[in-house]
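Asks: In the working numbering, the protein residues as written are 1 to 340. So that we are looking at the same thing, I have put the structure below in structure tokens.
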DNA sequence: TAGACGTGGAG
DNA sequence: TCTCCAAGTCT
């Protein structure tokens, strides 16, 4: 008789799974929550440094709740999907205000908090509270899609529903933290997107894709779409040692982050221009469009106008704790190189 | 409900 | 250089 799926998974975890990730040490709900949000659509290797820095500054939910949004976004700068950071801040404040500083210990209540969906709620419930809960992240989807030889794109509503049902059936009542972590580890280490290591996989006996030699074809790739292209101009206004930055509206791309203002004739009119120069176009690819941005360098004589709160003169030599869009960080680094 | 929402690593 | 997409959620 074949061994129970979850037993095989847990046994594999005991021997080969990851146990040294930063958020696995002292896995309180707060620490697990922060890691799960950072890990959404983001790889472990990228997250580790951000996580360490974040925990250094915000060791508990009260500290985070009491921070300014600039402080939070500055620690998120470069990680992307900034709505995660804005929601993180909101949720911290809600947890302190409405839950006495303690995160709920069940999926239903966790899901009511901003930025926490079904899978993240399952992760917090299982990893922090050791209570049975189902997760379905990209890793688990890939493993289950192969094990069950699911021949439709995992993003389809119907397929997603099916995957949740399968995940619920397979998830055990015991050893929940080990099982859930194991499924993610299998997806990340063995059952990888390309060239899965089936020779090292404990699940080949259970795997329909392996039996049908479909492991390289499943899960099915997302249907292709051509990315829309957009063009734009940004103003790099320089005055003495400072650069004019604009706080971008949220929601929206780079919402809440400080960035060069997009071209604005009315804004320009307020300045006494000493010199200007058109720069080279740089292209930025997002998940839903490609943006070709041409910078216009403008040296101005006056600092004046009545700039509202959404504008600041930023001095790169005196870094402030504000969230900079990656494009600004990169530009500052490039400038620094040039000066040297 | 499909589109919005970032960035960087892998192949 | 280019394409794909990773520990998803929100609207």
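Ideal Cβ positions, reconstructed from N, Cα and C, are used throughout, including at glycine.
Which term fits residue 221, buried or exposed, when burial requires 16 or more other beta carbons within 10 angstroms of its beta carbon?
Replies: Per the 10 Å Cβ criterion, exposed.
Asks: When DSSP labels each residue in this structure, what does residue 148 get in the three-state scheme?
Replies: Coil, per DSSP.
Asks: To test your reading of the DSSP string, which unbroken beta strand (DSSP E) runs of 3 or more residues are found completely within the region 183–242?
Replies: If we require 3 residues or more, the beta strand (DSSP E) runs fully inside the region 183–242 come out as 229–239.
Asks: Under the assumption that residue 35 contacts residue 51 (Cβ atoms under 8 Å), give the Cβ distance between them as a whole number of angstroms.
Replies: 6 Å between Cβ atoms; contact.
Asks: Determine the closest residue to residue 310 out of 256, 65 and 8, with distance taken between C-alpha atoms.
Replies: Among 256, 65 and 8, the Cα nearest to that of residue 310 is on 256.
Asks: Between the alpha carbons of residue 118 and residue 108, how many angstroms are there, rounded?
Replies: About 8 Å.
Asks: Could you say if the region 191–201 and the region 21–29 meet the contact criterion of at least three C-beta pairs nearer than 8 Å?
Replies: With the cut-off at 8 Å, the region 191–201 and the region 21–29 do not touch.
Asks: Give the straight-line distance between the Cα atoms of residue 254 and residue 134, rounded to the nearest whole angstrom.
Replies: Distance between the alpha carbons of residue 254 and residue 134 is about 32 Å.
Asks: Among the candidates 264, 284, 218 and 199, whose CA atom is the shortest distance from the CA of residue 229?
Replies: Minimum Cα distance to residue 229 is reached at 284.
Asks: Is residue 134 helix, strand or coil by DSSP?
Replies: It is coil, neither helix nor strand.
Asks: Beta-carbon within less than 6 Å of residue 219's beta-carbon, same chain only, minus the 5 sequence neighbours each way: which residues are those?
Replies: If we look at residue 219 and ignore the five residues flanking it on each side, its Cβ neighbours are 142, 145 and 154.
Asks: Sorted by chain position, which residues of the same chain lie with C-beta nearer than 8 Å to residue 82's C-beta, five sequence neighbours on each side aside?
Replies: Once the five neighbours on either side are set aside, the close Cβ partners of residue 82 are 73, 76, 250, 254, 255, 256, 257 and 323.
Asks: Using 8 Å as the Cβ pair cut-off and three pairs as the minimum, do the region 56–68 and the region 13–25 touch?
Replies: The region 56–68 is not in contact with the region 13–25.
Asks: Which residues in the same chain as residue 42 place their Cβ atom closer than 8 Å to its Cβ, once the five residues preceding and following it in sequence are excluded?
Replies: Within the same chain, residue 42 has close Cβ partners 79, 80 and 81.
Asks: With a 10 Å radius around its C-beta and 16 neighbouring C-beta atoms as the bar for buried, classify residue 157 as buried or exposed.
Replies: Answer is exposed; the Cβ neighbour count stays below 16.
Asks: In angstroms with no decimal places, state the Cα-to-Cα distance between residue 294 and residue 328.
Replies: So the two alpha carbons sit approximately 13 Å from each other.
Asks: Per the DSSP calculation, residue 54 is bridged to which residue(s)?
Replies: Note: residue 54 sits in no beta bridge, so no partner.
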